[in-house]
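Undergrad: Before we start, here is the structure in question, set down as structure tokens.
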Amino acid sequence: MRKQHILIVEDESKIARVIRDYLVNAGFQVSWLDRGDKVIPLIKQDPPDLILLDVMLPGKDGMELCREIRKFSLLPIIILTAKAEELDRVLGLELGADDYICKPFSPREMVARIKSVLRRITGPPCPEKLMAGPISLDENRHQVLIAGQELKLTPSEFGLLKVLLAQPNRVFSRGELAAQVQGYNFEGYERTIDTHIKNLRKKMDAMLPGWEIIQTVYGLGYKLTDSY
Ligand code: CA
Numbered sequence: 057m058r059k060q061h062i063l064i065v066e067d068e069s070k071i072a073r074v075i076r077d078y079l080v081n082a083g084f085q086v087s088w089l090d091r092g093d094k095v096i097p098l099i100k101q102d103p104p105d106l107i108l109l110d111v112m113l114p115g116k117d118g119m120e121l122c123r124e125i126r127k128f129s130l131l132p133i134i135i136l137t138a139k140a141e142e143l144d145r146v147l148g149l150e151l152g153a154d155d156y157i158c159k160p161f162s163p164r165e166m167v168a169r170i171k172s173v174l175r176r177i178t179g180p181p182c183p184e185k186l187m188a189g190p191i192s193l194d195e196n197r198h199q200v201l202i203a204g205q206e207l208k209l210t211p212s213e214f215g216l217l218k219v220l221l222a223q224p225n226r227v228f229s230r231g232e233l234a235a236q237v238q239g240y241n242f243e244g245y246e247r248t249i250d251t252h253i254k255n256l257r258k259k260m261d262a263m264l265p266g267w268e269i270i271q272t273v274y275g276l277g278y279k280l281t282d283s284y
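According to the working numbering, the stretch in the sequence shown is residues 57 to 284, in order.
Take a look at the structure:
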């Protein structure tokens with residue numbers, strides 16, 4: 057999974073380093089700018105997932121930056137304020153920031169605030185959801201949807217589809233597929249896998265006629281194609 061990218065804009069290198077270390081430990085990709093006037097060109101070229109923006113900055117201040125960014129982007133901004141007077145200004149102006157954090161702050165709380173803003177923006181993470189083309193498989197709900205309609209599968213068919221969907225375009229041998237489908241009896245597995253695949257195809261074909269999503273690779277096994 058791609059790491060979320062946080063841009064820190066902070067001219068005090070000691071603070072920036074502490075923030076960076078905490079965010080890296082929390083699993084984020086982090087970049088850092090120490091001047092306000094470098095921010096707009098950078099985010100136009102490579103927009104981060106969220107900006108932590110200090111207010112007092114050389115080049116251009118954080119409030120001015122926030123206003124400018126909002127003219128072309130809705131990317132999440134958390135403002136870092138040093139003093140109560142700054143906070144008053146931040147709150148008094150309609151800057152469009154998503155949250156603010158007062159210095160000195162607890163890095164742990166900062167990470168929690170960042171995660172909360174990102175969750176609000178992007179929705180909860182669904183690592184158990186696999187998708188290819190019109191198919192989506194939700195492991196938690198044990199549900200497969202094709203173009204929004206539910207596809208009813210047996211546990212073996214569900215397991216097979218899950219393995220194929222996890223790595224589209226990779227060819228799996230029948231043995232590999234059998235080994236990955238839980239509760240499988242290995243005796244005569246080739247024929248059993250062929251039968252499950254045949255049934256799975258029949259069900260999928262009824263919903264997406266002529267798509268041939270699961271392909272036979274002669275002499276090797278099967279693959280799920282995600283190009284149509
Ligand atoms: Ca500063």
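Ideal Cβ positions, reconstructed from N, Cα and C, are used throughout, including at glycine.
Starting from the C-beta of Y240, find all residues in its chain whose C-beta is less than 7 Å away, skip the five residues before and the five after it, and write them out in chain order.
TA: As a first step, residue 240 is located in the sequence shown; it is residue number 184 there, counting from the start. At Y240 the pLDDT is 48, less than 50, meaning the model places this residue with poor confidence; the figure from the coordinates comes in the next sentence. Around Y240: A234.
Undergrad: Who are the Cβ neighbours of R169 in its own chain at under 8 Å, not counting the five residues just before and after it?
TA: For the purposes of this step, residue 169 is taken as the residue at position 113 of the sequence shown. Cβ neighbours of R169 beyond the five flanking positions: I134, D155, I157.
Undergrad: Check whether the Cβ of D67 lies closer than 7 Å to any heavy atom of ligand 1, and answer yes or no.
TA: Walking along the sequence shown from the start, residue 67 turns up at place 11. Yes, the beta carbon of D67 sits closer than 7 Å to at least one heavy atom of ligand 1.
Undergrad: Taking D282 and A188 to be in contact with their CB atoms under 8 Å, please state how far apart those CB atoms are, rounded to whole angstroms.
TA: On the sequence shown, residue 282 is found 226 positions in, with the first residue counted as 1. On the sequence shown, residue 188 is found 132 positions in, with the first residue counted as 1. Rounded, the Cβ-Cβ distance is 4 Å, consistent with contact.
Undergrad: Measure from the alpha carbon of Q245 to the alpha carbon of each residue in F84, Q85, L79, S229, then state which is nearest.
TA: For the purposes of this step, residue 245 is identified with residue 189 of the sequence shown, where counting begins at 1. For clarity, residue 245 is Tyr in the given sequence; the question names Gln instead. With distances taken between Cα atoms, Y245 lies closest to S229.
Undergrad: Using DSSP's beta-bridge definition, name the partner residues of K61.
TA: Walking along the sequence shown from the start, residue 61 turns up at place 5. For the sequence presented, residue 61 should be read as His rather than Lys. Beta-bridge pairing links H61 to Q85.
Undergrad: Measuring alpha carbon to alpha carbon, tell me which of V273, Q199, L131, R126 ends up nearest D250.
TA: What you label residue 250 is simply residue 194 of the sequence shown in a count that begins at 1. Nearest of V273, Q199, L131, R126 to D250, Cα basis: V273.
Undergrad: Is DSSP giving I269 helix, strand or coil here?
TA: One-based indexing of the sequence shown puts residue 269 at position 213. Coil.
Undergrad: Looking at P163: is its Cβ nearer than 8 Å to the Cβ of Y78?
TA: In the sequence shown, residue 163 corresponds to position 107, counting from 1. In the sequence shown, residue 78 corresponds to position 22, counting from 1. A contact, by the Cβ cut-off of 8 Å.
Undergrad: Taking all protein chains shown into account, decide if I191 is buried (16 or more other Cβ within 10 angstroms of its Cβ) or exposed.
TA: Here residue 191 refers to the residue found at position 135 when the sequence shown is read from its first residue. Buried.
Undergrad: Among the residues of its own chain, which have a CB less than 7 Å from the CB of K59, if the five just before and after it don't count?
TA: Taking the sequence shown and counting its residues from 1, the one referred to as residue 59 is at position 3. Correct list, in chain order: G83, F84, Q85.
Undergrad: Compute the distance between the beta-carbons of L131 and P97, then report whether it is under 8 Å.
TA: Counted from its first residue, the sequence shown places residue 131 at position 75. Counted from its first residue, the sequence shown places residue 97 at position 41. Result no, Cβ atoms of L131 and P97 do not sit closer than 8 Å.
Undergrad: At a cut-off of 7 Å, would you count M119 as near ligand 1, judging by its Cβ distance to the nearest heavy atom?
TA: Taking the first residue of the sequence shown as position 1, residue 119 is located at position 63. No, the Cβ of M119 stays beyond 7 Å of every heavy atom of ligand 1.
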